Structures are given as C-alpha cells and as structure tokens.
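Numbering (this note's numbering), first residue to last: 42 to 535. Note that beta-carbon positions come from the ideal geometry of N, C-alpha and C, so glycine has one too. Source: prediction; values computed, not measured. Here is the structure we will look at.
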Ligand code: FES
Ligand SMILES: [Fe+2]
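Following this line, the structure appears as structure tokens:
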C-alpha cells in the first residue's frame, strides 16, 4: 500500500535496519512458492522437455529482444523503435549543454527513445547486490528503465537476469520483491520455467482426453524467458538487454577514474545488506541524476549538510568524470559548524542548531584519504553513496516522463562489528524519503517538474562554472550536468 511521507509517496513498507534474509517470503505470496500442475510432473510433460544449455539459451536470448531489433547498437548508429533523427517537439539550442530544453523532462516521445536507446541500449544497468541473493533459488524482482526483470541465483550458483515477462502471453511471472523458489511459475496459465529461464512445463500441452493441447511442433526450447547479459564486480550486479558481444567490459565502461572510486567502496569484501527504502518521486528520472551531479545545490538547499559541515562550499572538494561525461563523482570532506566568510553567505547555515543526539554525526574513517563524501552517478541508473559511514546504492526506476522510483539499498561489510553496523544505520537517518537531508532533494525535484513541466518552451540555465565539461577542484559548478547532457545528446541524437 502506498503511504505518504511529507510529499513523497512511499510504496510498500519502509524497512530500514532489517537484514535481507528476514525479508524473503514477506509480502504477497508468490505463485512460485506453491507448485502448480506445470511443475509437479503430472499435468505437464516436463520430463519430455528438452533442457536448453547455457549456450542455447543465450542464442535464444540474442534472437529475441524487447525492441524487436538486433541489440547492442553502437552510440554512433543508434537504431530505435521510436525512429532515428530529431524529434519534432525538442529544440536544443546550439551544440552545447549549458541550456537544457524543458521538453526533455516531459515529452513521451523522448521518454520512449530513452527506454530504447539508454535502458535498452549497450550499457550496463545496475540490478542489485549479490549479497541480496546468497543462496541458489533466491530471487529479486526489479526493473531496467521501466522493463521488469528477475535477478535469480541458479542451482549452479550463478546469478542470471531474466526478463520478467512470460513467453506465453506476456504476464509478469514473478511478483514478490524477494523470494526463494525452485522454479518460476507464471500465475496465468502456470507455464513453468527453471532458474535459468528455460521453459520446462506447459499445463495441458498434450490436451485433455486427447482434445486440445499445443500443436505437435511446439518446442519448449523456443519459449524460454529472455535472458540478459550479466556482469558482476565485487558483489555488484549489472545487466543489459544488449547482446553480450556488443557490450564493453564493465571496467572499460567505467574507465580508470570511475573505477577507482567504485572500488573504494566495493573493494572485494563481502557485503552485508542492512535494509531498503523505496520512494516514488513525481519528477523525471534525469532530475535525480542532475541532483547528484550538482554540488552547487548541496551547499545551499540542505540546512542539515550546510549547518553541520557535511558538504559545504568552503571545504576541499572536486568533481571528476569519465572521458564520455556520462559518469561522475562528487568528492568532499567534512568540515565544522563554524561561522566564516562562506557560511555567512548561506541562508541555510544555522549556527545555533545542535543535535539532540550527537552520535548521528560521529563518523569514523574507514577508507584511505580524507574524503568523507563520495557521491557517484553511473550511467544509466545507479548512484553509489558514501556519506560518512552510511553506504547505499540508489537505483533509478523510470515510470514515464514525469515519475520515477528510487530504490535504496543500504549495506555494510560482513566483517563490520555491531558498533559499525549501528553507526551506519544511525547515519542512514539522513537518507531516504524522510531523511534529514534527502527529503529536501525529492521535494525540490518534484517542484522542478511542477515548474518546468508547465513551460515546455523554456530551458534550464546550466552555466555555473562556465560552459565547459571539465573536472573541477571545487563545487561551485554545474560541469557534471553539462557533461551528462553532452553524452545524452549523442545517444539520443538530439
Ligand atoms: S501468460 Fe504466462 S502462462 Fe499464460
Ligand atoms: Fe541534495
């Protein structure tokens, strides 16, 4: 059930602070947990079903993509079901990105092209952490863009990502957010798939009393769930609808600078999932990415960050990007709650505020270097957050031009002691739909959609720090937003 926190709609239970193993089998019971006739070998002809080997299944997947086109189109030659070329409703002035037309946040045609070229394109989208699926048969449901997928650990221990769309008539097969299953059973006519996505049972395939049934030539091997390309790095799972052969290795996709910051948090230690938050924001998904690429706002909007010195313009900071500009990282370090030349200019600085429980801001250093805030945006759908000792992935799930869901997964490391886990959870109070800091972002993003959505002829002014898209050693800049849109324009052919 949806409920409201502030003005942000939160879907489902807010469950921060509970370990993932206790989530399984919560919520609506999955049809996968009760064996239907397709899986029990009586009404189905499962025994007769040819098993599809990994290779065969990959070949099947490559043949059948959502867009109906050969996947893995290169950036220079995007092909889309929306059609190539300029979109009539969008006019982007000049070649730069210091002006961003408001129509890209509202236009349905743009949105469909994004699904096709960005979320359906040759990029690695984040789908989860391996720690969420420790055992064979564990699954989670999630989305790439707005397409539902299932992430499942097979009997062989491998994690696969399958389109959550029945090969029969398109029904979503798995409904639980987390589950533990032996096989995947569609709720409609109970077609049954194994953990690799191969179709292994069709009820009444041979008919009943010699009547009806599927045609003799019907081949189970032709009707598996679409299997996506998958890659993992230090416990983080990515997938793509593009063919594996068309995708760069993840390390190449990120580049050395982004990889350095990614590996700082995901350093190979086993992760421990601490909890989840989900929120629905009534705004275009790109506004969330912009927000995390925008250090300018962080110094001004957030009373909490500014007052308690967690992120402020007078502190040593930097913005770094990969050569394409699609990924970025904002880096800063904690300062003090003191009045100085900079804080005197900040309305949001409150010298007289103090925390009732100062333990909220008692971080300990756990990585090399002085940086205490590292916010990384990884094209096309992932934010990796380190704010003091609270660590989280935030996954963007699009829901049309004017709405997205943000899925937060908080984590620590298996070797954390109890005190560290408690510290991470305490600091997580800054985050999420009602967090002391993040509540400001989702509200202001909503206000952005409300304002710009009504004025499609307008354009955003993105000129702070100049017009270029280079790295900076300060946070008084919108360079990472300009860089993001430079890449976006190429991919979208705008
Ligand atoms: S739609 Fe899935 S079994 Fe019919
Ligand atoms: Fe913010």
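Cα-Cα separation between residue i and residue j, rounded to whole angstroms
i	j	result
residue 263	residue 227	17 Å
residue 429	residue 146	32 Å
residue 416	residue 481	16 Å
residue 282	residue 399	46 Å
residue 375	residue 267	46 Å
residue 332	residue 372	14 Å
residue 89	residue 259	At residue 89 the pLDDT is 37, less than 50, meaning the model places this residue with poor confidence; the figure from the coordinates comes in the next sentence. Whole-angstrom Cα-Cα distance: 12 Å.
residue 528	residue 327	13 Å
residue 524	residue 216	37 Å
residue 404	residue 444	34 Å
residue 272	residue 448	20 Å
residue 458	residue 466	13 Å
residue 176	residue 222	10 Å
residue 87	residue 183	At residue 87, the pLDDT of 45 sits below 50, so the modelled position is not reliable; the number obtained from the coordinates is stated separately. Distance between the alpha carbons of residue 87 and residue 183: 28 Å.
residue 483	residue 339	13 Å
residue 493	residue 421	23 Å
residue 133	residue 498	11 Å
residue 252	residue 329	56 Å
residue 178	residue 325	35 Å
residue 289	residue 159	15 Å
residue 238	residue 287	22 Å
residue 316	residue 401	18 Å
residue 236	residue 341	49 Å
residue 535	residue 218	36 Å
Identity of the residues DSSP links to residue i by a beta bridge
i	result
residue 415	372 and 427
residue 438	446
residue 217	Answer is none; residue 217 lacks a bridge partner.
residue 181	192 and 219
residue 399	Note: residue 399 sits in no beta bridge, so no partner.
residue 272	279
residue 362	369
residue 432	427 and 452
residue 6	The structure shown does not extend to residue 6, since the chain is modelled only from 42 to 535, so the question has no answer here.
residue 200	194
residue 142	500
residue 233	226 and 242
Contact set for residue i: own chain, Cβ-Cβ below 7 Å, skip 5 residues either direction
i	result
residue 254	245, 246, 247 and 248
residue 285	270
residue 441	152
residue 308	275
residue 303	295, 417 and 425
residue 323	443, 444, 487 and 490
Beta-carbon gap between residue i and residue j smaller than 7 Å
i	j	result
residue 214	residue 202	no
residue 314	residue 469	no
residue 148	residue 180	no
residue 439	residue 186	yes
residue 477	residue 471	yes
residue 188	residue 533	no
residue 192	residue 161	no
residue 336	residue 516	yes
residue 361	residue 512	yes
residue 241	residue 229	no
residue 526	residue 138	yes
residue 206	residue 174	no
residue 321	residue 446	yes
residue 431	residue 394	no
residue 346	residue 473	no
Spatial neighbours of residue i in its chain, beta-carbon cut-off 8 Å, leaving aside the 5 residues before and after
i	result
residue 397	none
residue 509	520 and 523
residue 312	170, 171, 172, 276, 452, 453, 454 and 455
residue 414	351, 352, 371, 372, 373, 374, 375, 427, 428 and 429
Cut-off 6 Å between Cβ atoms - residues of its own chain near residue i, not counting five sequence neighbours on either side
i	result
residue 299	363 and 368
residue 343	478 and 481
residue 359	372 and 514
residue 234	225, 240 and 266
**Message:** Within 8 Å, do at least three Cβ pairs link the stretch 395 to 410 to the stretch 263 to 280?
**Reply:** Judged by Cβ distances under 8 Å, the stretch 263 to 280 makes no contact with the stretch 395 to 410, as fewer than three pairs qualify.
**Message:** So, does the stretch 285 to 300 touch the stretch 431 to 441, judging by three or more C-beta pairs under 8 Å?
**Reply:** Not touching, per the Cβ criterion.
**Asked** Any chance the stretch 451 to 467 sits against the stretch 198 to 208, with 3 or more Cβ pairs inside 8 Å?
**Response** Cβ pair count under 8 Å is below three, so no.
**Prompt:** Should the stretch 512 to 532 be regarded as contacting the stretch 353 to 367, the criterion being three or more beta carbon pairs within less than 8 Å?
**Reply:** Short answer: they touch.
**Message:** Any contact between the stretch 159 to 168 and the stretch 137 to 145? By contact I mean 3 or more CB pairs, one from each, below 8 Å.
**Reply:** Short answer: they don't touch.
**Item:** Cβ contact (3+ pairs, closer than 8 Å) linking the stretch 503 to 518 and the stretch 474 to 494
**Value:** No, the stretch 503 to 518 is not in contact with the stretch 474 to 494.
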